[in-house]
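Scroll down for the structure; my scribbles are underneath it.
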Amino acid sequence: MDRVLPQPTPETRHFWEGCKVGELRLQRCTDCQHSYFPPRAFCPKCGSRDVAVYTASGKGFLYSYVINHRPRPDMGKEPHSIAVVELSEGPRMMTNIVGCPQTPEALQLDMPVEVTFESFSDDISLPFFQPAKG
Amino acid sequence: MKPKSIAVVGAAETTQMGKIPDVSVIGLHADAALNALKDAGLKPSDIDGVATAGISPVELAHYMGITPTYADGTSVGGCSFMLHVRHAAAAINEGLCKTVLITHGESGRSRIGGGRFGGSPASLSGQFEAPYGPAGPPTMFTVPVMRYLKARGYTVEDLATVSVIQREWAALNPRASFKDPITVDDVLNSPMIAWPFRMLMCCLVTDGGGAIILTSAERAKDFPQKPVYILGTGESVETPMVSQMEDFTSSKAFRVSGKKAFDEAGITHADVDHLMIYDAFAHLPLYGLEDLGFCKPGEAAGFVRERNTAIGGKLPVNTNGGGLSYMHSGMYGMYAMQESIRQMRGIAPAQVKDAKISISHGVGGMFAASGTVIWTNEA
Numbered sequence: 022m023d024r025v026l027p028q029p030t031p032e033t034r035h036f037w038e039g040c041k042v043g044e045l046r047l048q049r050c051t052d053c054q055h056s057y058f059p060p061r062a063f064c065p066k067c068g069s070r071d072v073a074v075y076t077a078s079g080k081g082f083l084y085s086y087v088i089n090h091r092p093r094p095d096m097g098k099e100p101h102s103i104a105v106v107e108l109s110e111g112p113r114m115m116t117n118i119v120g121c122p123q124t125p126e127a128l129q130l131d132m133p134v135e136v137t138f139e140s141f142s143d144d145i146s147l148p149f150f151q152p153a154k155g
Numbered sequence: 012m013k014p015k016s017i018a019v020v021g022a023a024e025t026t027q028m029g030k031i032p033d034v035s036v037i038g039l040h041a042d043a044a045l046n047a048l049k050d051a052g053l054k055p056s057d058i059d060g061v062a063t064a065g066i067s068p069v070e071l072a073h074y075m076g077i078t079p080t081y082a083d084g085t086s087v088g089g090c091s092f093m094l095h096v097r098h099a100a101a102a103i104n105e106g107l108c109k110t111v112l113i114t115h116g117e118s119g120r121s122r123i124g125g126g127r128f129g130g131s132p133a134s135l136s137g138q139f140e141a142p143y144g145p146a147g148p149p150t151m152f153t154v155p156v157m158r159y160l161k162a163r164g165y166t167v168e169d170l171a172t173v174s175v176i177q178r179e180w181a182a183l184n185p186r187a188s189f190k191d192p193i194t195v196d197d198v199l200n201s202p203m204i205a206w207p208f209r210m211l212m213c214c215l216v217t218d219g220g221g222a223i224i225l226t227s228a229e230r231a232k233d234f235p236q237k238p239v240y241i242l243g244t245g246e247s248v249e250t251p252m253v254s255q256m257e258d259f260t261s262s263k264a265f266r267v268s269g270k271k272a273f274d275e276a277g278i279t280h281a282d283v284d285h286l287m288i289y290d291a292f293a294h295l296p297l298y299g300l301e302d303l304g305f306c307k308p309g310e311a312a313g314f315v316r317e318r319n320t321a322i323g324g325k326l327p328v329n330t331n332g333g334g335l336s337y338m339h340s341g342m343y344g345m346y347a348m349q350e351s352i353r354q355m356r357g358i359a360p361a362q363v364k365d366a367k368i369s370i371s372h373g374v375g376g377m378f379a380a381s382g383t384v385i386w387t388n389e390a
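Line by line, the protein sequences give chains X and U.
Residues 22 to 155 in our numbering are what the first sequence lists, from first letter to last.
Residues 12 to 390 in our numbering are what the second sequence lists, from first letter to last.
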């Protein structure tokens, strides 16, 4: 079964275009400097419409997760993580932790992680996170 | 709202509870509504206000043959009915209507005539959560919990203890789905659903419904049942995406809704005799005890372990067995309020002796929304 994929909107297009070229793009308020996610055309902290897209470091740490033992049909048959990472720039995002065993022993809270992208269609690459290398 | 200005004059659940394969969603609404009308000694034509979630208030009014001057379709998940009570109280006090019927019905298990779970792939949740594999509440509502356990120093045994104590309450309730005693080991050996959650830390999936009828406290004196008065109410909403909740160790919606209700009621925590905290999963009573201010952060698990919320404890919690053992159709908030009302009427199967003040605290979505109602049986 095909992976459930996002349907970008005009306000989120820059994020998904970034993923296609290997960039994790966030937004920052030009007025109050607040970095935020998910994308929108204004700052959720101060309401300013003066915001800019920038490329984030792609680094962060594992904030919380579950390991789903009853995967959705499009997610394969093995237990997998559904995680939240906190990015170095501040925002948190849901993701899957890849590149390590999907076990409580391997998935330690606060471990450093880095972004990696996987292409699922011409339009969509999903950002995943893996244990940081060095 | 003005405390004790509004009262419950009718309250009932569906005739059956659990597996009801021969009744559709709207049929469950109607069955509960007819039972509540009978409880109040009213006919549908006596109702001039309707509120519901899951279906539209238009469907409810038309199906029941009601011509309302007030309709509330607030739909923010399982606590919607707490918000309906709050809005109805304001509406009655403002003169928009006199007698409001609030209904819930859900064919959670049998799936007869109901809608489907899930949003658009273009919604924020559809774009930034759904692609990572969440498959409904067991893999969404649970996402903050690893952080919560670490921050508080709690363990999976603490989660299991919540399930064990609620099963003890359920054993006293003839209508509870699960009544057999369980141990912490039973919970920790039940099938893994989504680490760290085992099956017995997750709510049931059942069919059922409930209905509540509200009117002014002045009119309530002339009804057959002893009135249960509304002392205070609160509500709030936070985020449609669990991954974006501000603090994974505390629900902002819980804190705002709870404080508002306490302030309105003008009571302290020591005044509370009975507490219902919507328990779709075993972590919710722990968050609720902390966010409502009954326990300091980090003390809720010990409070439960020391049996303060259990039979004979100083703060009986989820005395019907809760969503974990009594029933959970999908939007459980109605059942939490039904148990508070039974406790205030003095007719609960696990009746708390001399209880005078009860709180029903609800959650909607995955920490998305919250509603709180404080009840009393003293005029």
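Every residue, glycine too, gets a C-beta built ideally from N, C-alpha and C.
The structure presented is a predicted model; accordingly, all values stated were derived computationally and were not measured.
Cross-strand partners of residue i (DSSP beta bridge)
{"i": "X:Cys50", "result": "X:Val72"}
{"i": "X:Arg113", "result": "X:Glu107"}
{"i": "U:Ala205", "result": "X:Asn89, U:Phe208"}
{"i": "X:Tyr57", "result": "X:Gln48"}
{"i": "U:Thr244", "result": "U:Val384"}
{"i": "U:Tyr81", "result": "U:Gly60"}
{"i": "U:Ala22", "result": "U:Ile223"}
Spatially closest choice to residue i from the options, by CA coordinates
{"i": "X:Phe58", "options": "U:Leu215, U:Ser254, U:Met75", "result": "U:Ser254"}
{"i": "U:Arg186", "options": "U:Ser136, U:Gly382, U:Tyr346, U:Leu211", "result": "U:Tyr346"}
{"i": "U:Lys161", "options": "U:Pro235, U:Gly344, U:Gly309", "result": "U:Gly309"}
{"i": "X:Glu99", "options": "X:Pro60, X:Thr124, X:Tyr86, X:Met132", "result": "X:Thr124"}
{"i": "X:Cys40", "options": "X:Lys154, X:Pro148, X:Pro152", "result": "X:Pro148"}
{"i": "U:Met157", "options": "X:Lys80, X:Ser146, X:Phe138, X:Val105", "result": "X:Val105"}
{"i": "X:Ser85", "options": "X:Thr30, X:Met114, X:Glu110", "result": "X:Met114"}
{"i": "X:Leu26", "options": "U:Pro79, U:Leu300, U:Gly144", "result": "U:Gly144"}
{"i": "U:Asn388", "options": "U:Gly357, U:Ala100, U:Pro32", "result": "U:Gly357"}
{"i": "U:Trp180", "options": "U:Gly323, U:Glu24, U:Ala62", "result": "U:Gly323"}
{"i": "U:Gly375", "options": "U:Leu53, U:Met93, U:Ile58", "result": "U:Met93"}
{"i": "X:Thr33", "options": "X:Glu126, X:Gln151, X:Pro112, X:Leu47", "result": "X:Leu47"}
{"i": "U:Arg122", "options": "U:Pro132, U:Ala321, U:Pro32", "result": "U:Pro32"}
{"i": "U:Asp191", "options": "U:Val198, U:Arg97, U:Arg178", "result": "U:Arg178"}
{"i": "X:Met96", "options": "X:Gln151, X:Pro152, X:Arg49, X:Phe141", "result": "X:Phe141"}
{"i": "U:Pro148", "options": "U:Lys54, U:Val216, U:Gly245", "result": "U:Val216"}
{"i": "U:Lys13", "options": "U:Lys364, U:Lys270, U:Gln236, U:Ser227", "result": "U:Ser227"}
{"i": "U:Pro142", "options": "X:Gln151, X:Met132, X:Thr116, X:Asp143", "result": "X:Thr116"}
{"i": "U:Gly130", "options": "U:Arg266, U:Ala102, U:Ala146", "result": "U:Ala146"}
{"i": "U:Ile77", "options": "U:Gly89, U:Gly88, U:Cys90, U:Ile58", "result": "U:Ile58"}
{"i": "U:Phe305", "options": "U:Lys237, U:Gly333, U:Gly269", "result": "U:Gly269"}
{"i": "U:Thr279", "options": "U:Ile368, U:Val111, U:Val195", "result": "U:Ile368"}
Residue range of the unbroken alpha helix (DSSP H) whose run includes residue i
{"i": "U:His115", "result": "Taken as a continuous stretch (DSSP letters only), U:His115 belongs to no alpha helix (DSSP H), being part of the beta strand (DSSP E) at 111-118."}
{"i": "U:Ala366", "result": "Careful: U:Ala366 lies outside any alpha helix (DSSP H) and carries neither H nor E."}
{"i": "U:His40", "result": "36-51"}
{"i": "U:Asn104", "result": "91-105"}
{"i": "U:Ser121", "result": "No alpha helix (DSSP H) holds U:Ser121; DSSP gives it neither H nor E."}
Residues of its chain near residue i, where Cβ-Cβ distance is below 7 Å and the 5 sequence neighbours each way are ignored
{"i": "X:Glu44", "result": "Thr76"}
{"i": "X:Pro17", "result": "Residue 17 of chain X lies beyond the range of chain X shown here (22 to 155); nothing can be said about it."}
{"i": "U:His95", "result": "Ala62, Asp83, Thr85, Ile113"}
{"i": "U:Leu71", "result": "His40, Val61, Thr63, Thr114"}
{"i": "X:Glu107", "result": "Gly81, Phe82, Tyr84, Arg113"}
{"i": "U:Thr194", "result": "Val175"}
Close-in-space but distant-in-sequence residues of the same chain around residue i (CB under 8 Å, 5 per side omitted)
{"i": "U:Gly124", "result": "Ser35, Val36, Ile37, Gly38, Ser118"}
{"i": "U:Val173", "result": "Met212, Asp290, Ala293, His294, Pro296, Leu297, Val315, Leu335"}
{"i": "U:Phe139", "result": "Met252, Ser254"}
Segment limits, beta strand (DSSP E) that includes residue i
{"i": "U:Val172", "result": "The question names Val, but residue 172 of chain U is Thr in the sequence shown. No beta strand (DSSP E) contains U:Thr172, which is instead part of the alpha helix (DSSP H) from 167-181."}
{"i": "U:Val61", "result": "60-63"}
{"i": "U:His285", "result": "285-288"}
{"i": "X:Gln151", "result": "146-152"}
{"i": "U:Asp197", "result": "Note, U:Asp197: premise wrong, no beta strand (DSSP E); alpha helix (DSSP H) at 195-200."}
{"i": "X:Val136", "result": "133-140"}
Same chain, Cβ closer than 6 Å to residue i, five either side skipped, listed in chain order
{"i": "X:Ile88", "result": "Pro100, Ser102, Gln123"}
{"i": "U:Gly84", "result": "Ser67, Pro68"}
{"i": "U:Ile385", "result": "Leu242, Gly243, Ala272, Ala276, Ile370"}
{"i": "U:Ile352", "result": "Val19, Ala22, Val239"}
{"i": "X:Gly79", "result": "Leu45, Glu135, Val136"}
{"i": "U:Ala366", "result": "Asp284, His285, Gln354"}
{"i": "U:Ala311", "result": "Leu297, Leu300, Glu301"}
{"i": "U:Ser86", "result": "Ala64"}
{"i": "U:Ala100", "result": "Met12, Ile17, Ile241"}
{"i": "X:Glu94", "result": "Sequence check: residue 94 of chain X is Pro here, not Glu. Cβ neighbours of X:Pro94 beyond the five flanking positions: Met22."}
{"i": "X:Ala127", "result": "Cys121"}
Residues within the segment 88-118 of chain X neighbouring chain U, beta-carbon criterion of under 7 Å:
Within the segment 88-118 of chain X, the residues whose Cβ lies closer than 7 Å to some Cβ of chain U are Ile88, Asn89, His90, Arg91, Pro92, Arg93, Met96, His101, Ile103, Val105, Arg113, Met114, Met115, Thr116, Asn117, listed in chain order.
- Mind listing which residues of the segment 132-151 of chain U have their C-beta closer than 7 Å to chain X's C-betas, in chain order? Result list: Pro132, Ala133, Leu135, Gly137, Gln138, Phe139, Glu140, Ala141, Pro142, Tyr143, Gly144, Pro145, Ala146, Thr150.
Exercise for review: Scan the segment 190-207 of chain U for residues whose Cβ lies nearer than 9 Å to a Cβ of chain C and list them as they occur along the chain.
Suggested key: In the structure shown, chain C does not exist; the protein chains are X and U.
query = In chain order, what residues of the segment 128-139 of chain X put their CB closer than 7 Å to some CB of chain U?
reply = The segment 128-139 of chain X vs chain U, Cβ under 7 Å: Leu130.
Contact residues within the segment 88-99 of chain U, judged by C-beta distance below 7 Å to chain X:
Those residues of the segment 88-99 of chain U that come within reach of chain X (Cβ to Cβ, closer than 7 Å) do not exist; the list is empty.
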